[in-house]
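This report concerns only the one structure given below.
Number of protein chains: 2
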Amino acid sequence: MMLERWVPLIGCLKSYNRTLLSQDALASVIVTLMLVPQALAYALLAGLPPEMGLYASMLPLVLYAIFGTSATLAVGPVAVAALMTASALSSFATQGSPEYVGAALVLAALSGLILIAMGVLRLGFLANFLSHPVISGFVTASGILIAVSQLKHILGVEASGHNVIEVLSALLNQWQQVNAITLLIGLSVWGYLWVCRKWLKQWLKMAGVSASVAVLLVKAAPISAVIVTTLLAWLLNLEQRGVSLVGFVPSGMPTIALPDLDQSLWLGLLPAALLISLVGFVESISVAQTLAAKRRQRIDPNQELIALGMANLGAGVSGGSPVSGGFSRSVVNFEAGAVTPLAGAFTALGIVLSTLLLTDLLAFLPTATLAATIIVAVGTLIDLPAVKRTWLYSRSDGIAMVVTLLLTLMHSIEIGIISGVLLSLGLHLYRTSQPHSAVVGRVPGTEHFRNVKRHTVEIDERLAILRIDESLYFANARYLEDTVMELAARSLSLQHIVLTCQAVNVIDASALESLEAINGRLKDAGATLHLAEVKGPVMDHLKHTSFYHELTGQVFFTTYEAWRVLHHQGDVLSSPALAANEARQVANSHQPPSFVDDSVDKKRGE
Amino acid sequence: MMLERWVPLIGCLKSYNRTLLSQDALASVIVTLMLVPQALAYALLAGLPPEMGLYASMLPLVLYAIFGTSATLAVGPVAVAALMTASALSSFATQGSPEYVGAALVLAALSGLILIAMGVLRLGFLANFLSHPVISGFVTASGILIAVSQLKHILGVEASGHNVIEVLSALLNQWQQVNAITLLIGLSVWGYLWVCRKWLKQWLKMAGVSASVAVLLVKAAPISAVIVTTLLAWLLNLEQRGVSLVGFVPSGMPTIALPDLDQSLWLGLLPAALLISLVGFVESISVAQTLAAKRRQRIDPNQELIALGMANLGAGVSGGSPVSGGFSRSVVNFEAGAVTPLAGAFTALGIVLSTLLLTDLLAFLPTATLAATIIVAVGTLIDLPAVKRTWLYSRSDGIAMVVTLLLTLMHSIEIGIISGVLLSLGLHLYRTSQPHSAVVGRVPGTEHFRNVKRHTVEIDERLAILRIDESLYFANARYLEDTVMELAARSLSLQHIVLTCQAVNVIDASALESLEAINGRLKDAGATLHLAEVKGPVMDHLKHTSFYHELTGQVFFTTYEAWRVLHHQGDVLSSPALAANEARQVANSHQPPSFVDDSVDKKRGE
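Taken in sequence, the protein lines are chains P and Z. One point on numbering: in full-length UniProt numbering, the residue at position 441 of the first sequence is 441, and numbering is uninterrupted. One point on numbering: in full-length UniProt numbering, the residue at position 280 of the second sequence is 280, and numbering is uninterrupted.
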């Protein structure tokens, strides 16, 4: 049982049979066809030799199949991870050098160890700090960066830079060196893939092909472009005409070896590895959960961390680049009928066979073809309407998104994402530090209480009922003090302040201290503090504090109860003859200790 | 009007008269008597020449009187600011050097500019991030650090260090150099002040002295110790017997001059200045608010930032150390009857006179007397029972407090406070990232819904009602997805999931995206998502989103409404003959668009 929890494949194998096998095998063939060009393309994007993309599609897939909980997540090289890898390595070595390759392996292994550690320590919640607007802005910016970075391969020139502006200006400086044949190949493939993506599915449907087969054929379109342009390059000897080709790809298997153990390199790559891990995990888990839900299956986020970690560690010791769950390949895997994680292992087998058999041919593949494949693929990452949508829904989320997007594009990936995270944290805290609050009055004839500024309500000059629409914690504790004391300073006739707490889920130690201060200050000012509608768990904590025992007023079950008692009490007190006696009666009839306990019991633990 | 907002003193002067003047003047005499030894002592604590404490009690007090909104806050050198000053300067210059003094002036001016900027930009809320447990842990640790740092003056030895352990071990190494007369003076003063603090008030009361006069006499006790030990040192020529005295104090006024404008020094002192500003502001504002509340007066936090900023800037250009609002002096000021900020200006006048007349005498004041004064004074800062109290109230607040306390003591002031802030932020986010949630069922025969795990409630297998007790935002958006999808995966007969949102004050863009994902996934799984008890402002935002339009279920006004419709609908559907027709009727009668709008209108803007 314990072993099965850590190695979900065991449970899967128990019920494995020939039907499942044939379904998984079919899916793996289709994913392999899709993965071969992608593996080469993303290695190119990461600035690594093409075989590293293939190696990253072997052992990591097998390891994910053993440890993963998703039946359909297709792990391997992905565009965003490749971009982040290139960005991380650029400050440690020059592209193409052995140090660069070595650093990529360290990056993969380090990401793997980070993910495994997060899984074992159940720190998956850390990924929550990448808010959706930050991820979305980052992914859109990455898509643009990737597309721009591939233009040089389509134009057949050399151009590089750390951000969009640098790359574009480098391209402009090189326009006279553009290679016409390369450009022709690049634009043709680009146009072909774009047409396939846009219309092929409709055409196939009209021709009577079933919807899911149509999806698979569309996704397999790049392989046809790869085959055609490779054959053209070989037959027409295009390399001699200045067309850049993939070149020699070793046909053997990767060797298993520990990556470079240089301490300063590991420390230097740590921040980048952390970001790649978190971004990869967030993307993988959302794909996996979306697909799992379609079949009412469960994904275990912490086990996914371990599985993705093992996959990356596997990449690091077997010559591969960092890996993650790919969105489009996972969808294809799902549509093609993958039913267990073994489909991934079979895909790895497909990649092994391709590497053994096809590398002589792949040497003739033009890089322009791969670049066009990448550009069309990352088109799905770029979602500019989301910026407007987010902006309209929530100004602060919109700001976080735009800042992440622009900084990623204009400055760097790391700064973009870190600024986005800090900004969304800051904005969240700022928002909750000044929570919505309202002085409420009674809607005449009812037990409802509404904002006095928006509704015609009954009020009592000696009584202010304040509703705070937020949990009370350190960031807004002082705001609470200011609000209450301003209320008290505004009117000298005020005798009672009631805090209505139906939206208060937590009162932390800072807020408790503020409540104590408020209670004491109101007492000095001759006014009384009451609470109403305190939730059970909050009350459980409050009951053992000195604040509760020193509270000058009462804890009411409902706001109406508070109004009824205090409003009435006021009437009585204003006719001095009766005051002392009746007031005591009123108080006795409404505030026995049992009443408070009752309200606590009724709400406790909910 | 505008001018009066920025310079509150103008409003105060308009109604100033002889009665107010005499009250303020009396209070200022008493505060002056208390401030003279404190100003010298805190200069000693900060490692600065004694006159800097006096200078910090002149111009800064006048500036606070002009710009401040508190009638009773006594600004000037305080213990914690002095400790933080010593700690900040130790890495820039050696104590006693002109560079050290220059850096202190820069620190004061920089703190002033930071505070003014925060006031103008209305950034006072930043102080909220210093949660109460962090401040409390820090202040207790500071009290211990200060007390320990003064032991060397009582023993008459040289000993220094960056934390408690270093200082204590330095003291142990020096025990053979202890000066007996110094020790005698130190312990006598210590004992005398301790007895005064503990019993003098009671004795005076028994002797028929009024309570407030008794308080003032107790607070003035240090001045008697200063007079007696100074006279002893002068008459017995104690300096020749190895007793360390304050020594020469220039009797002139400070010169007004810009502090050193060295850029690297300003940048280097920036983090320390920020911490001193924030801590000083938090302490000042809470003292000011506590005292103001006793007379139902208002403190304007942003104006206080400007006033404290001007005071520190004033200290920086007139040879003073960083200043802040002092707790005990403010209480004395209040008790002695100060009624306007002019009392502070009169205190400044008192310090000017003392500096002109008394400096020849003060030269004979033993430092051991000052050290004993400090040790007794900081006793009120040390509040160890608060650690236990906080720990019992909230584990996470307790952790933040203990970590701040220990790191401040063992490592350094900056690391202690920064770790505390980050830890309390992290713990807050962790807590809200896994909010309390409960599947609820109906309490039979009522419209109440309670946790199924705690109460005997009616449930429906096809219907799960989930209550989330927290606003939905990025940190818990994925938790929501996990929770709902786990619920859906647990039972295949589940047809409806209702999210009850009475505790949800905000749904940010990340949570909206999660709700969309949940809605889509439940749809794929053949289940319907409903919402209930959505608040008005939240609904206002939701209404314009695609999530709202694609929601497979309904938005119910109350949980009971959801139960009634869906539970009934289920019954009907289970008798297939009637299903289609009646179900539609049920749906029509309960979910017209007007119903949803009604619920929105009723709650909007509340």
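Even glycine gets a Cβ: it sits at the ideal position worked out from N, Cα and C.
Delimiting residues of the alpha helix (DSSP H) encompassing residue i
i	result
residue 316 of chain Z	301-317
residue 404 of chain Z	395-410
residue 269 of chain P	263-294
residue 527 of chain Z	It is not in any alpha helix (DSSP H) - residue 527 of chain Z carries neither H nor E in the DSSP assignment.
residue 170 of chain P	164-173
Chain Z within 8 Å of residue i, Cβ atoms only
i	result
residue 434 of chain P	yes
residue 517 of chain P	yes
residue 289 of chain P	yes
residue 424 of chain P	yes
residue 281 of chain P	no
Closer than 9 Å at the beta carbon, the chain Z residues around residue i
i	result
residue 294 of chain P	521, 524 and 525
residue 303 of chain P	Here the premise fails: no neighbours, minimum Cβ distance about 12 Å.
residue 162 of chain P	Per Cβ cutoff of 9 Å: no residues; residue 162 of chain P is ~26 Å from chain Z at best.
residue 69 of chain P	Those within 9 Å of residue 69 of chain P in chain Z number zero; the least Cβ separation is about 12 Å.
Unbroken beta strand (DSSP E) run spanning residue i, endpoints
i	result
residue 449 of chain Z	449-451
residue 465 of chain Z	463-468
residue 499 of chain P	496-500
residue 325 of chain P	324-326
Residues near residue i in its chain [Cβ-Cβ closer than 6 Å; skip 5 each side]
i	result
residue 247 of chain P	363
residue 222 of chain Z	37 and 373
residue 338 of chain Z	24, 27 and 72
residue 150 of chain P	371, 374 and 375
residue 229 of chain Z	185, 366 and 369
residue 408 of chain P	138, 141 and 416
residue 510 of chain Z	474 and 477
Beta-carbon proximity list for residue i, same chain, < 7 Å, skipping 5 on both sides
i	result
residue 41 of chain P	370, 373 and 374
residue 384 of chain P	140
residue 411 of chain Z	163
residue 271 of chain P	414
residue 268 of chain Z	92
residue 144 of chain Z	164, 382 and 409
Neighbouring residues, chain P, relative to residue i (Cβ below 7 Å)
i	result
residue 393 of chain Z	509, 512, 541 and 545
residue 397 of chain Z	508 and 509
Cross-chain neighbours of residue i in chain A, by beta carbon under 8 Å
i	result
residue 16 of chain Z	You won't find chain A in this structure, because its protein chains are P and Z.
Residues that residue i contacts on chain P, provided the C-beta gap is smaller than 8 Å
i	result
residue 129 of chain Z	429, 474 and 475
residue 298 of chain Z	485, 486 and 489
Chain-ordered neighbours of residue i on chain P, where CB pairs are closer than 9 Å
i	result
residue 312 of chain Z	None at all; the shortest Cβ gap to chain P is about 21 Å.
residue 341 of chain Z	None at all; the shortest Cβ gap to chain P is about 17 Å.
residue 537 of chain Z	436 and 469
Neighbourhood of residue i by C-beta distance below 8 Å, restricted to the same chain and skipping five residues each side
i	result
residue 494 of chain P	461, 462, 463, 464, 487, 488 and 527
residue 196 of chain P	218 and 221
Cβ of residue i within 8 Å of any chain P Cβ
i	result
residue 271 of chain Z	no
residue 121 of chain Z	no
residue 132 of chain Z	yes
residue 8 of chain Z	no
residue 576 of chain Z	Bear in mind that the predicted position of residue 576 of chain Z carries a pLDDT of just 38, short of 50, making it unreliable; the figure below should be weighed with that in mind. No, no contact with chain P.
residue 125 of chain Z	yes
Chain Z residues whose Cβ lies nearer than 8 Å to that of residue i
i	result
residue 505 of chain P	435, 436, 469, 470 and 503
residue 390 of chain P	509
- Query: Quick one, which residues of the stretch 479-503 of chain Z are near chain P if we go by CB-CB under 8 Å, in chain order?
  - Reply: Per Cβ criterion, the list reads 479, 481, 482, 485, 486, 488, 489, 492, 502 and 503.
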